[in-house]
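K.L.:
2 protein chains.
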Amino acid sequence: MARRRIGEFELIARYFAPLAKSFAGARGLASDNAFLAADPRHDLVVKTDTVVAGVHFFVDEKPGLVAQRALRVCLSDLAAGGATPYVYQLSLSLARGWTERWIAGFAQGLAVDQRRFGIVLCGGDTTGTPGPTTVTITAFGRVARGKGLGRDGARAGDDLWVSGTIGDAALGLLAARGALKSSDLEQRYRLPLPRTTLGARLIGVASATADISDGLIADAGHIANASRLAVHIERDLVPLSVAAKRVVMGEPALWANILGGGDDYELAIAVPPRKRTALLAAARAAKVKVARIGAFARGKGVVLTVSGQPRRIAQTGYVHF
Amino acid sequence: MARRRIGEFELIARYFAPLAKSFAGARGLASDNAFLAADPRHDLVVKTDTVVAGVHFFVDEKPGLVAQRALRVCLSDLAAGGATPYVYQLSLSLARGWTERWIAGFAQGLAVDQRRFGIVLCGGDTTGTPGPTTVTITAFGRVARGKGLGRDGARAGDDLWVSGTIGDAALGLLAARGALKSSDLEQRYRLPLPRTTLGARLIGVASATADISDGLIADAGHIANASRLAVHIERDLVPLSVAAKRVVMGEPALWANILGGGDDYELAIAVPPRKRTALLAAARAAKVKVARIGAFARGKGVVLTVSGQPRRIAQTGYVHF
Numbered sequence: 001m002a003r004r005r006i007g008e009f010e011l012i013a014r015y016f017a018p019l020a021k022s023f024a025g026a027r028g029l030a031s032d033n034a035f036l037a038a039d040p041r042h043d044l045v046v047k048t049d050t051v052v053a054g055v056h057f058f059v060d061e062k063p064g065l066v067a068q069r070a071l072r073v074c075l076s077d078l079a080a081g082g083a084t085p086y087v088y089q090l091s092l093s094l095a096r097g098w099t100e101r102w103i104a105g106f107a108q109g110l111a112v113d114q115r116r117f118g119i120v121l122c123g124g125d126t127t128g129t130p131g132p133t134t135v136t137i138t139a140f141g142r143v144a145r146g147k148g149l150g151r152d153g154a155r156a157g158d159d160l161w162v163s164g165t166i167g168d169a170a171l172g173l174l175a176a177r178g179a180l181k182s183s184d185l186e187q188r189y190r191l192p193l194p195r196t197t198l199g200a201r202l203i204g205v206a207s208a209t210a211d212i213s214d215g216l217i218a219d220a221g222h223i224a225n226a227s228r229l230a231v232h233i234e235r236d237l238v239p240l241s242v243a244a245k246r247v248v249m250g251e252p253a254l255w256a257n258i259l260g261g262g263d264d265y266e267l268a269i270a271v272p273p274r275k276r277t278a279l280l281a282a283a284r285a286a287k288v289k290v291a292r293i294g295a296f297a298r299g300k301g302v303v304l305t306v307s308g309q310p311r312r313i314a315q316t317g318y319v320h321f
Numbered sequence: 001m002a003r004r005r006i007g008e009f010e011l012i013a014r015y016f017a018p019l020a021k022s023f024a025g026a027r028g029l030a031s032d033n034a035f036l037a038a039d040p041r042h043d044l045v046v047k048t049d050t051v052v053a054g055v056h057f058f059v060d061e062k063p064g065l066v067a068q069r070a071l072r073v074c075l076s077d078l079a080a081g082g083a084t085p086y087v088y089q090l091s092l093s094l095a096r097g098w099t100e101r102w103i104a105g106f107a108q109g110l111a112v113d114q115r116r117f118g119i120v121l122c123g124g125d126t127t128g129t130p131g132p133t134t135v136t137i138t139a140f141g142r143v144a145r146g147k148g149l150g151r152d153g154a155r156a157g158d159d160l161w162v163s164g165t166i167g168d169a170a171l172g173l174l175a176a177r178g179a180l181k182s183s184d185l186e187q188r189y190r191l192p193l194p195r196t197t198l199g200a201r202l203i204g205v206a207s208a209t210a211d212i213s214d215g216l217i218a219d220a221g222h223i224a225n226a227s228r229l230a231v232h233i234e235r236d237l238v239p240l241s242v243a244a245k246r247v248v249m250g251e252p253a254l255w256a257n258i259l260g261g262g263d264d265y266e267l268a269i270a271v272p273p274r275k276r277t278a279l280l281a282a283a284r285a286a287k288v289k290v291a292r293i294g295a296f297a298r299g300k301g302v303v304l305t306v307s308g309q310p311r312r313i314a315q316t317g318y319v320h321f
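The listed protein sequences derive, respectively, from chains A and B. Using this note's numbering, you'd call the opening residue of the first sequence number 1 and step up by one each time. Using this note's numbering, you'd call the opening residue of the second sequence number 1 and step up by one each time.
(1) Return the CA-CA distance between Lys-287 (chain A) and Tyr-86 (chain A), expressed in angstroms with no decimal places.
(2) Report the start-end ranges of each beta strand (DSSP E) in the segment 180 to 260 of chain A that is 3 residues or longer and not cut off at the edges.
(3) With a CB to CB cut of under 7 Å and the five nearest residues on each side skipped, what residues in its chain are close to Pro-130 (chain B)?
(4) Report yes or no: do the segment 55 to 67 of chain A and the segment 246 to 253 of chain A share at least 3 C-beta pairs separated by less than 8 Å?
(5) How would you write the range of the beta strand (DSSP E) that Gly-172 (chain A) sits in, first residue to last?
(6) So, at 7 Å on beta carbons, what are the nonlocal neighbours of Gly-118 (chain A) in its own chain, with the 5 sequence-adjacent residues on each side left out?
(7) Please confirm whether Leu-78 (chain A) has its beta-carbon closer than 8 Å to some beta-carbon of chain B.
(8) In three-state terms, what does DSSP make of Ala-267 (chain A)?
(9) Look at Asp-152 (chain A) and Ser-227 (chain A) and say whether their C-beta atoms are less than 8 Å apart.
(10) For the segment 39 to 46 of chain B against the segment 138 to 145 of chain B, are there 3 or more C-beta pairs whose distance is under 8 Å?
(11) For the segment 117 to 138 of chain A, which residues have a beta carbon sitting closer than 7 Å to at least one beta carbon of chain B?
(12) Could you list the residues in the segment 46 to 58 of chain A with a C-beta less than 9 Å from some C-beta on chain B, going in chain order?
(13) Does DSSP put Phe-321 (chain B) in a helix, in a strand, or in coil?
(14) Please report the straight-line C-alpha distance between Gly-157 (chain A) and Ala-139 (chain B), rounded to a whole angstrom.
(15) Taking only beta-carbon positions, decide if Val-306 (chain A) is within less than 8 Å of chain B.
(16) Looking at Tyr-15 (chain B) and Ala-67 (chain A), is the spacing between their C-beta atoms short of 8 Å?
(17) Interface residues of chain B around Ala-104 (chain A) at Cβ under 9 Å?
(18) Is the beta carbon of Ile-166 (chain A) closer than 8 Å to that of Leu-240 (chain A)?
(19) Determine whether the Cβ of Ala-38 (chain A) lies closer than 8 Å to any Cβ atom of chain B.
(20) Mind checking which residues open and close the beta strand (DSSP E) that includes Leu-11 (chain A)?
(21) Can you check whether the C-beta of Asn-225 (chain B) is within less than 8 Å of a C-beta belonging to chain A?
(22) Identify, in the order they occur along the chain, each residue of the same chain with its Cβ nearer than 8 Å to the Cβ of Ala-210 (chain A), setting aside the five sequence neighbours on each side.
(23) Would Ser-76 (chain B) be called buried (16 or more neighbouring beta carbons within 10 Å of its own) or exposed?
(24) Give a yes or no on whether the minimum CB-CB distance between Ser-22 (chain A) and chain B is below 8 Å.
(25) What are the boundary residues of the alpha helix (DSSP H) that includes Pro-63 (chain A)?
(26) Below 6 Å CB to CB, which residues in the same chain sit around Gly-261 (chain A) once its five sequence neighbours on both sides are set aside?
(27) Determine the DSSP secondary structure at Arg-298 (chain B), reduced to helix, strand or coil.
(28) Straight-line CA distance for Leu-191 (chain B) to Leu-180 (chain A)?
(29) With 8 Å as the threshold, decide whether the Cβ of Gly-262 (chain A) is near any Cβ in chain B.
(30) So, is the C-beta of Val-302 (chain B) closer than 8 Å to a C-beta in chain A?
(31) Could you name the residues of the same chain whose beta carbon sits closer than 7 Å to that of Cys-122 (chain B), not counting the 5 residues immediately before and after it, in chain order?
(32) Could you name the residues of the same chain whose beta carbon sits closer than 7 Å to that of Arg-116 (chain B), not counting the 5 residues immediately before and after it, in chain order?
(33) May I ask you to report which of helix, strand or coil DSSP gives Asp-113 (chain A)?
(34) For the candidate residues A:Gln-114, A:Val-231, A:Arg-311 and A:Val-205, whose alpha-carbon lies nearest to that of Ala-256 (chain A)?
(35) Thinking C-alpha only, which one of B:Gly-82, B:Ala-107 and B:Ala-83 is nearest Pro-92 (chain B)?
(36) Just the Cα atoms here: how many angstroms apart are Gly-111 (chain B) and Ala-30 (chain A)?
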C-alpha cells in the first residue's frame, strides 16, 4: 500500500488543531506555546518538546548535555512567549542497557540548568523502551495575565530583529559530524542558550516573536504566516559569529545552512519602529545583542535580499544561492 | 562493566526527587500528581504518562485505542487527585512506516474521549522515531485550591475502599495473549475506564487516594507507605466481576494476578469511618460501586488476610498463595 507522507504542520492542522478548537489558550496550535490561566496576575505558558536519541541528539552524547538540551529547547519557546521559567515535567524513556551512571549524569545536567534558569522539576514519568532513549519535557513559564507573546501579532511596518548570532548551530552540526572544524560552533549546536533573560523583557515591546528552531527563514516565515504578512530579510544584516564568518567566507554555499538550518534557539522579534529604543534597552538589560535584519510588509512569504537584490528561496528550511 | 539495575521508585527517589525539593507542589515526587496554583479558587493538577508500543500497548493495537488508553491512564491519576479534567498536551513520536490513516484513527480516539471526559488538547509535539511509537500525555485537571488529594493523608483507623471491580485488567491481559478466553476481560485491559466522576466527589470525603495502576497490593501499599502506616486487606472482600469470579474459581492461582497485576485504573480510597455515608453518597452520585476491603493501622507494609487468616505476600506486584 502506498503511504502518503504529510508534513508536521499539515498533520497538526488537519488532525490535531480540530481537537484544540474549543480551548482559546491553545491558540489553534499555531503558536509554540499554550496559555493557561494561573493566579489572578499571571498566565501559565506551557510547552512540550520531545528529543529522541539518533534523531535530535547523538546516541553517545553525554547524558548531562542530553538533559540540558531537552530542557533548553523548551525554555527557548518559553522565552519566545515572554515567560519566566517556573516548573517542568519530565518523561524519560530509557533504552535497554541504561546505566545508573547515565541517569546520574542526566540528573546532574538538569540540576545545573535548574539553577541557571530558575526552574524546578515538578513531576513526570520514567519507563523503559526497546527503542532509543527519548526525553519529553513539558515546561511551564509565567507571564503577566493576557500578555504572553505569540507569532501572530506582527503588523506591516514592524522591523524584524534577531538576538545573538545566526547559523552557528547548523554549522556546528556539520562540525560535530566532522564536515568542518570548529569546536566553538560544535558547542553552539550541542548546548543551545535559550534567551530567557531577553524574552521576559519583550512584553510591551515586541508585537510577535518566535524562537529560531527550524531555521531563520522558516521561523521568520512562521511569524509572517501567522500575522498574514510578508517578511523581508536582508542577508547582509544577519549577524554572524566570528567563527561562522570565517567558515562562510571560505565556502559561500554554507549561507544555505546559516539561513535555513535550525537549532539556533535565538529569538526572531517583530518590533514596531517606535519601540526601537525600548527593544535596545531590553537587550542591554538582558545582556543579549540584537540586530535588525528586515521588516514585515503586506503580502505573503519570505523575501530574501542580498545587498538589496532579491534572491530565490527554493524551499523553507533550505536556501539556494 | 556490570550494570546495576535499580527500580523506578528508587531511581526517582535518588536522582529526581532532589530536583523537585524546592517546589512544594511536586510533593517530593511521592504523589502521582503535581499541584500548581491556578486561578484564585483552583489548583491545577498535572500528570505525565508515557506509553510505548510493545511495552504498554500491543504494536498492532487500533490507533484509536492507543490514544484513548494513553489519555485515560492520565485521567485516572487526575481522578485520584480529586481533579476535574481540563486540558492536555500530547507528544507523539511516530515509528517509521506510520500512515495518515493511523493518525486519523488516533485523533478520532482522542476526539471521542475529549467529549466523554470533558478535556481538550492544548498543545504538544510531533516527531519521528526509529524506535516504537511512543505517546506522552501531560494532562491538567482542576481542583479547589489546596484540596487536591494525594497518597499521604491516610490515618490509622481509616477504612480502605476500592471502586468498581479488581483484577479484570490483569486477567484481560492474559486473555489478550490467548492464555484464557474472555472478551469482557480483554476489553477491560484494552480500554480502562478512569473514575473521573467519582474522583472529584472524594474531596472532603477521602483522606488519601491512589489509582490502581501497579496492582491493588502495590497501590494500597503506596498509600500506606506515604502515610507511614500499615494497610490490612481481606481478600474475601475484594470485589470481582462475574467474569473474574468464574476464572479464579477455576484456577485459584490467578488470585496472584488479580491482587498483584496492574492496569485496573480503579481508585483505592482511604476514608475515615465517620465519612462512610458521605462516600456512599458520592459513589451513588458518580454511578460507581465502591467496596470496603480493609483498613489502615499503625505499622508498616501490606497485610493480606483470607477469611481472616494472614497470607504471605512474597513481593509487591506479585502474590504467592
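Every residue, glycine too, gets a C-beta built ideally from N, C-alpha and C.
P.N.:
To lay it out plainly:
(1) 21 Å
(2) 208 to 211 and 230 to 234
(3) Arg-96
(4) no
(5) It is not in any beta strand (DSSP E) - Gly-172 (chain A) instead sits in the alpha helix (DSSP H) that spans 168 to 176.
(6) Pro-85
(7) no
(8) Correcting the residue type first, residue 267 (chain A) is Leu in the shown sequence and not Ala. Correct three-state label for Leu-267 (chain A): strand.
(9) yes
(10) yes
(11) Val-120, Leu-121, Cys-122, Gly-123, Gly-124, Asp-125, Thr-126, Thr-127, Gly-128, Thr-129, Pro-130, Gly-131, Pro-132, Thr-134, Thr-136 and Thr-138
(12) Val-46, Lys-47, Thr-48, Asp-49, Thr-50, Val-51, Val-52, Ala-53, Gly-54, Val-55 and His-56
(13) Low per-residue confidence applies at Phe-321 (chain B): pLDDT is 42, beneath 50, and the placement is therefore not dependable enough to give any value.
(14) 40 Å
(15) no
(16) no
(17) Arg-14 and Tyr-15
(18) yes
(19) yes
(20) First-last for Leu-11 (chain A): 8 to 11, but that is the alpha helix (DSSP H), not the beta strand (DSSP E).
(21) no
(22) Asp-32, Ala-80, Arg-151, Asp-219, Ala-220, His-222, Ile-223, Leu-267 and Ala-268
(23) buried
(24) yes
(25) 63 to 80
(26) Ala-170 and Gly-215
(27) coil
(28) 52 Å
(29) no
(30) no
(31) Val-87, Tyr-88 and Gln-89
(32) none
(33) helix
(34) A:Arg-311
(35) Pro is not the amino acid found at residue 92 (chain B); the sequence shown has Leu there. For Leu-92 (chain B), the nearest C-alpha among the options comes from B:Ala-107.
(36) The displayed chain sequence assigns Ala, not Gly, to residue 111 (chain B). One C-alpha to the other measures close to 19 Å.
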